[in-house]
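K.L.:
In mature numbering (1 follows the signal peptide of the UniProt record, and there is no 0), the protein residues as written are -19 to -1, 1 to 329.
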């Protein structure tokens, strides 16, 4: 695979991922209260034991952003929950609805115990059941129907085969072969602006194909950056962090690798990751002081670390560089105003 193709695909996918998480402002106190309640009541698909409000994973950050967007659109609590359940399943809610599927999951252990008990009871009765011969006091055991045993063996083999197909490496091997075949087509579609956007399943196939390619060509930082972008689009924080980390380790002077790694670390919202991202961004800003993406990343990073003066200074720098874009300037001014509010509360 040519490095040029990877570079083109990396540029094409860069428009699919936001530069940094947005600072959230609300139109009313009721909206903010609904947002906080929802983020506390929705479960992180990655962490499972944490709500999306408490989780530092990348998918939790994206889910918080989606809840924020739906709240601003005027969606009710029930509508937001229905949206999340429809996309991620009932597991995302700490209070899943009673459906035939959840009822089956709750009843399955009891049914298994009852079925096993009945099987043991029935087998014991067949063993002790006897028949008395009419002309003798001698007793003989009655043999069970051999066809029942054959049917049981066939059923056991069928269940075992289905379980093997569902849980063994057969499906993984099949998916790996399919991803390898489709990798060139998916990369060409991602580059072609006239082609339909890749679906989530196709992105997963692209990620698997890229991992397979990088297993043979692991010294390719552009390939790792591309895998990191796909990981971000799939809300896979682990994949994105590891891929960008590999790219930055191989090309520490590369602007795209360093800024992408800082982007992923900033999105996690974890103190150590935020500090590491700030360490990456400082020399980049010294070398590229007018880079709007770096300034946005650095401003959000400082804001999340409650370094409000630094965040305001970087957003003000963006205002000077974003002449003519009224929407962008309004957004930056709103962020500056919010940072000043937090700064006054912190100082007061």
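Cβ atoms here follow ideal geometry from the backbone N, Cα and C, with glycine treated the same way. All values derive from a computational prediction rather than experimental measurement.
So, for residue 65: in the same chain, excluding its five sequence neighbours on each side, which residues have a beta-carbon less than 7 Å away from its beta-carbon?
P.N.:
By one-based count along the chain shown, residue 65 stands at place 84. Result list for residue 65: 23, 73, in chain order.
K.L.:
Rounded to whole angstroms, what's the CA-CA distance from residue 31 to residue 176? Just pull it up for me.
P.N.:
Locating residue 31 in the chain shown gives position 50, counting from the first residue. Locating residue 176 in the chain shown gives position 195, counting from the first residue. Approximately 38 Å between the Cα atoms of the pair.
K.L.:
Where does the unbroken alpha helix (DSSP H) through residue 253 begin, and where does it stop?
P.N.:
Looking up residue 253 in the chain shown gives position 272. 252 to 268 is the span of the alpha helix (DSSP H), which, as asked, contains residue 253.
K.L.:
Tell me the residue span of the alpha helix (DSSP H) that contains residue 308.
P.N.:
Residue mapping note: residue 308 aligns to position 327 of the chain shown, counting from 1. Residues 307 to 328.
K.L.:
So, with DSSP's three-state summary, where would you put residue 23?
P.N.:
Sequence index remark: in the chain shown, residue 23 carries index 42 (1-based). In the structure shown, residue 23 sits in a strand (DSSP, three-state: E or B).
K.L.:
Whole angstroms are fine: how far does the CA of residue 327 sit from the CA of residue 46?
P.N.:
By 1-based counting over the chain shown, the position of residue 46 is 65. By 1-based counting over the chain shown, the position of residue 327 is 346. The straight-line gap from Cα to Cα measures roughly 25 Å.
K.L.:
So, at 8 Å on beta carbons, what are the nonlocal neighbours of residue 269 in its own chain, with the 5 sequence-adjacent residues on each side left out?
P.N.:
The sequence position of residue 269 within the chain shown is 288, counting from 1. Cβ within range, chain order: 236, 275.
K.L.:
Less than 8 Å separating the beta-carbons of residue 12 and residue 53?
P.N.:
Locating residue 12 in the chain shown gives position 31, counting from the first residue. Locating residue 53 in the chain shown gives position 72, counting from the first residue. Contact: yes.
K.L.:
Quick one: residues in its chain with C-beta nearer than 7 Å to the C-beta of residue 315, no 5 flanking neighbours on either side, listed in chain order?
P.N.:
As a position in the chain shown, residue 315 is number 334, starting the count at 1. Once the five neighbours on either side are set aside, the close Cβ partners of residue 315 are 6.
K.L.:
Could you check the C-alpha separation between residue 287 and residue 60 for me, to the nearest Å?
P.N.:
The residue you call residue 287 lines up with position 306 of the chain shown. The residue you call residue 60 lines up with position 79 of the chain shown. C-alpha separation (whole angstroms): 33 Å.
K.L.:
Provide the residue(s) that pair with residue 74 in DSSP beta bridges, ordered along the chain.
P.N.:
On the chain shown, position 93 is the one that residue 74 refers to. Note: residue 74 sits in a beta bridge opposite 23.
K.L.:
Once the 5 residues before and after residue 320 are set aside, which same chain residues still bring their CB inside 8 Å of it?
P.N.:
Locating residue 320 in the chain shown gives position 339, counting from the first residue. Cβ within range, chain order: 4, 284, 289, 292, 293, 296.
K.L.:
Just to confirm, does residue 34 get its C-beta within under 7 Å of one of the non-hydrogen atoms of the ligand MG?
P.N.:
The ligand MG is not part of this structure, which contains no ligands at all.
K.L.:
What did DSSP end up calling residue 9 once you bin it into helix, strand or coil?
P.N.:
Numbered from 1 along the chain shown, position 28 holds the residue referred to as residue 9. If DSSP states are grouped into helix, strand and coil, residue 9 belongs with coil.
K.L.:
Between which residues of its own chain and residue 185 is the CB-CB distance below 8 Å, once the five residues before and five after are set aside?
P.N.:
The residue given as residue 185 occupies position 204 in the chain shown. Correct list, in chain order: 215.
K.L.:
Which residue marks the beginning of the alpha helix (DSSP H) containing residue 283, and which one marks its end?
P.N.:
Indexing the chain shown from 1 puts residue 283 at position 302. From DSSP, the alpha helix (DSSP H) with residue 283 extends over 273 to 285.
K.L.:
Taking residue 182 as part of the alpha helix (DSSP H), name the residues at either end of that continuous run.
P.N.:
Position 201 of the chain shown, counted from the start, is the residue given in the question as residue 182. Per DSSP, residue 182 belongs to the alpha helix (DSSP H) from 181 to 197.
K.L.:
Within the same chain, show all residues whose beta-carbon is closer than 7 Å to that of residue 271, passing over the 5 residues directly before and after it, in chain order.
P.N.:
Translated into the one-based positions of the chain shown, residue 271 becomes position 290. Within the same chain, residue 271 has close Cβ partners 302.
K.L.:
Between the Cα of residue 221 and those of 211, 229, 230, spot the shortest distance and give me the residue it belongs to.
P.N.:
Sequence index remark: in the chain shown, residue 221 carries index 240 (1-based). Of the listed residues, the one whose Cα sits closest to residue 221 is 211.
K.L.:
What does DSSP give as the partner residue(s) for residue 32 in the beta ladder?
P.N.:
Here the question's residue 32 lines up with position 51 in the chain shown. DSSP output for residue 32 lists 24 as bridge partner(s).
K.L.:
Output the boundary residues of the alpha helix (DSSP H) element that contains residue 247.
P.N.:
Reading the chain shown from its first residue, position 266 is the one you call residue 247. Counting along the chain, the alpha helix (DSSP H) containing residue 247 begins and ends at 236 to 249.
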